[in-house]
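One structure is given below, encoded as structure tokens.
Number of protein chains: 2
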Amino acid sequence: MEKQRKVTMQTVADEAGVSKATVSRAIGNYPDISDSTKKKIFEVMERLNYHPSAIARSLANRISKNVGLVLPADDDFFMNPFFQESLRGVAKTAGKRGYDTLIAYNGKNETNAIKRLVNSNKVDGVILMRSVIGDSTVNYLRDIEFPFILIGKSEEYDDIYTVDTDNVDACRKLTNHLVGLGCKKIGFIGGKRDSMVTTDRYDGYIQSIRENGLYFSDDMVEENEFNKLEGYMSMKKLLEANGDMDGVVITDSLIFSGAIDYLSSVCEEKDIIIGAFGAESNSFNKSKYKVVNIDVGSMKIGEFSCEKLIDILEKKDVDLTDIVDYKIEG
Amino acid sequence: MEKQRKVTMQTVADEAGVSKATVSRAIGNYPDISDSTKKKIFEVMERLNYHPSAIARSLANRISKNVGLVLPADDDFFMNPFFQESLRGVAKTAGKRGYDTLIAYNGKNETNAIKRLVNSNKVDGVILMRSVIGDSTVNYLRDIEFPFILIGKSEEYDDIYTVDTDNVDACRKLTNHLVGLGCKKIGFIGGKRDSMVTTDRYDGYIQSIRENGLYFSDDMVEENEFNKLEGYMSMKKLLEANGDMDGVVITDSLIFSGAIDYLSSVCEEKDIIIGAFGAESNSFNKSKYKVVNIDVGSMKIGEFSCEKLIDILEKKDVDLTDIVDYKIEG
DNA sequence: CTGAAAGCGCTTACAG
DNA sequence: CTGAAAGCGCTTACAG
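So the protein lines, in turn, are chains U and S.
When we follow full-length UniProt numbering, the leftmost residue of the first sequence carries the number 1, and every step to the right adds one.
When we follow full-length UniProt numbering, the leftmost residue of the second sequence carries the number 1, and every step to the right adds one.
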């Protein structure tokens with residue numbers, strides 16, 4: 001292949017015998033360009049294999065056509081199917097709408113990563129993949145009025161755009177579901193307490209326990225990091241403290257995975273039903289344990305968030321809050 | 001917070017009583033700027049909360065400080081721990097070296113996605129996350145001499161930068177390892193045949209079978225998509241066709257996961273040893289089956305590839321081919 | 001050690 | 001329907 005020198009808009013303009021302005025308008029599909037010039041321009045573009053420089057366009061109209069994301073510093077969250085799936089949803093939707101997805105990483109400090117992204121003009125908007133209690137990133141973005149979507153909900157602001165599952169309700173229904181299946185003593189294993197997801201799901205669990213008048217004590221609750229090993233340990237502790245537990249609600253798929261590993265490893269078979277968020281993300285394995293899966297549609301959440309962000313960027317009307325449906329299966 | 005109007009390099013220059021050129025040089029840390037002016041400039045930048053526009057810089061010096069990646073169209077590969085882990089490695093390393101990671105998605109056609117990325121000037125180089133046989137993307141990038149790293153190896157070119165595991169050797173050693181553990185009849189489950197990874201690993205497997213003079217027949221080999229369900233089915237078929245199989249080599253962690261699910265689901269306990277690539281990515285679960293894990297260091301591969309790409313971009317000397325170590329465990 | 005000026009490749013009022 | 005010109009916010013020879 002010939003090494004051709006860069007063909008710019010000027011090259012095209014010259015070749016087509018028009019001005020850069022006209023080429024630019026043709027590309028932007030402005031209405032008031034005659035069809036004949038338009039056609040000629042496109043023909044030349046094709047022939048010269050011209051591709052507009054996204055960078056130059058960005059500088060001129062301050063639109064990068066990139067949506068930003070920050071890569072979580074802790075491996076646990078990154079490796080979590082929820083993150084993966086929603087990331088995929090975001091990237092896919094972005095692609096469909098002509099955007100690319102820019103991932104920033106900045107070690108331990110998420111807010112700094114965001115600041116760098118935003119200040120560099122590299123992105124038009126950002127998506128925050130999770131809601132941490134007292135999150136300074138939300139604060140920052142809101143202050144400077146930079147377009148962003150929060151996946152999850154904010155405890156402090158009700159004037160920001162969010163996409164979320166109704167976690168309280170979902171976990172209440174899930175627990176109720178276990179009750180419906182005959183469980184009398186239901187434990188809870190959740191992720192870190194500083195994530196909104198966990199607190200909401202815990203609240204739903206407690207609501208259900210109360211509604212149903214079930215027994216409850218503090219040693220029926222375990223909270224830990226979002227990973228497998230801790231899921232394993234938590235299940236162990238729970239069962240050691242409560243031999244008669246016949247149900248357990250788990251808020252995360254990695255934790256679930258560890259918990260089921262523990263269960264599989266013990267010799268005597270337990271009569272226990274597990275209700276877990278994202279159980280299906282791990283496996284379609286019908287183990288010897290009854291598993292009730294709750295699917296929050298992580299991919300959908302990602303798609304929705306990205307769709308919404310781009311709608312905002314394109315000045316379309318969107319709702320402040322969107323709640324995505326969940327499904328209980330099993 | 002005040003809504004301040006955009007502070008540019010000009011603002012800083014004016015405020016510091018110097019020219020834009022000097023500010024630019026101070027930021028770029030040019031040697032021949034006096035310490036006093038440098039100091040003053042930084043002080044002003046700080047005070048004005050100035051952040052250079054990455055876009056403007058990009059346009060001026062044609063360096064985007066972005067590395068590009070294309071999101072695989074098939075969910076299987078995206079959901080594969082290998083992809084996840086190496087993606088993370090890439091993004092992390094990019095971040096450390098001052099780059100961001102741009103993810104393009106373009107439906108079914110990977111080459112088009114790459115073309116768009118490259119032509120838009122949005123990235124300085126790209127990383128191809130997997131090597132497919134007869135990949136036109138490699139062709140394209142090589143033709144236009146655009147900087148890129150291929151994770152895996154190319155069957156057709158030996159003049160491109162690659163980062164890879166010695167898959168033939170790894171799989172041979174793994175199979176040998178099973179032989180060492182007493183296996184006499186070892187099956188093989190691999191991913192799609194059009195991926196270099198699969199063919200290499202298959203070759204290694206066959207080499208070992210030959211070396212050790214083991215029995216072999218075609219129904220001891222299963223090849224399928226890289227996913228759990230197919231791993232499950234493959235294991236089933238393999239065992240139905242070969243009841244006396246006492247070992248199996250599996251090339252992929254998702255496939256492994258499905259296979260082990262099948263094994264757990266059958267009632268009679270099989271006496272079989274499993275050797276699998278990325279078995280540990282799935283679970284630390286010590287199941288009732290003996291599992292030999294082979295860890296190719298996906299994260300390392302990602303880190304390495306990115307490090308190498310950026311080295312190339314920064315005109316450092318790098319080797320054409322890098323082979324990353326693997327570890328056999330168990 | 002520092003500045004004036006051209007240039008990177010686009011977009012977009014403004015004018016016709 | 002189209003063009004000339006200014007501007008987006010930087011970098012970098014060139015000159016001093």
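Glycine included, every Cβ here is placed at the ideal spot set by N, Cα and C.
- In the structure shown, S/D32 adopts coil according to DSSP, grouped into three states.
- Nearest C-alpha to S/K115 among U/H51, U/I41 and U/I301: U/H51.
- Among the residues facing chain U, S/I274 is not included, as its CB has no counterpart in that chain under 8 Å away.
- Think of a sphere of 8 Å around the beta carbon of U/K92: the chain S residues whose beta carbon falls inside it are L71 and Y105, in chain order.
- S/E329 is bridged by DSSP to S/N293.
- Burial state of S/K228 is buried, judged by a 10 Å Cβ sphere holding 16 or more other Cβ atoms.
- The residues V318, in chain order, have a CB closer than 6 Å to that of U/D311 in the same chain once the five nearest residues on each side in sequence are set aside.
- Around the beta carbon of S/A60, a 10 Å sphere encloses fewer than 16 other beta carbons of the protein chains shown; the residue is thus reported as exposed.
- Counted as a single uninterrupted DSSP element, the alpha helix (DSSP H) harbouring S/F78 occupies residues D75 to M79.
- In chain order, S86, G89 and V90 place their CB closer than 6 Å to the CB of U/G302, counting only its own chain and leaving out the 5 sequence neighbours on each side.
- Secondary structure of S/I255 (DSSP, three-state): helix.
- Ranked by Cα distance from U/V168, the options U/K108, U/I206 and U/D159 are led by U/I206.
- Per the DSSP secondary-structure output, U/F188 pairs in a beta bridge with U/V221 and U/V249.
- In this structure S/K65 does not touch S/G17 by the C-beta definition: roughly 30 Å separates them, more than the 8 Å allowed.
- For U/A56, the neighbours in chain S by C-beta distance under 7 Å run, in chain order, L59.
- Checking the DSSP bridge columns, you'll see U/N66 partnered with U/D100.
- Just so you know, the alpha carbons of S/K20 and U/Y105 end up roughly 30 Å apart.
- The DSSP-derived three-state label of U/F148 is strand.
- Straight across, the Cα-Cα distance linking U/S120 with U/G330 is about 48 Å.
- For S/G125, the pairing in a beta bridge is given by DSSP as S/V67.
- Residue pairing by DSSP places S/I272 opposite no residue, since no beta bridge is assigned to it.
- Here the alpha carbons of U/I272 and S/D261 stand approximately 20 Å from one another.
- Just measuring C-alpha positions, the residue of U/F78, U/L313 and U/F304 sitting nearest U/L254 is U/F78.
- Annotation for S/V138: the continuous alpha helix (DSSP H) segment containing it runs S136 to D143.
- Residue ranges of uninterrupted alpha helix (DSSP H) with 4 or more members, entirely inside the UniProt domain "HTH lacI-type" (7 to 61) of chain U and ordered along the chain, are 9 to 16, 20 to 27, 35 to 48 and 54 to 61.
- The C-beta of S/D100 comes closer than 8 Å to at least one C-beta of chain U.
- Comparing alpha-carbon positions, the option among U/D32, U/G297 and U/R25 lying closest to U/A170 turns out to be U/G297.
- Listed in chain order, the non-local C-beta contacts of S/S154 below 7 Å within the same chain comprise S131, V138, I160 and T162, local neighbours out to five positions each way being set aside.
- When secondary structure is reduced to three states using DSSP, U/F83 falls in the helix class.
- The C-alpha of U/M220 is placed about 17 Å away from the C-alpha of U/D200.
- Per DSSP, the unbroken beta strand (DSSP E) holding S/D322 starts and ends at T321 to V324.
- In chain S, no part has a C-beta under 7 Å from the C-beta of U/M129; the shortest such distance is about 13 Å.
- Rounded to whole angstroms, the gap between the alpha carbons of U/D194 and S/G190 is 42 Å.
- In this structure, the beta-carbon distance from U/V266 to U/I186 does not fall below 8 Å.
- Nearest Cα to S/L239 within the set S/D252, S/E110, S/T251 and S/E222: S/E222.
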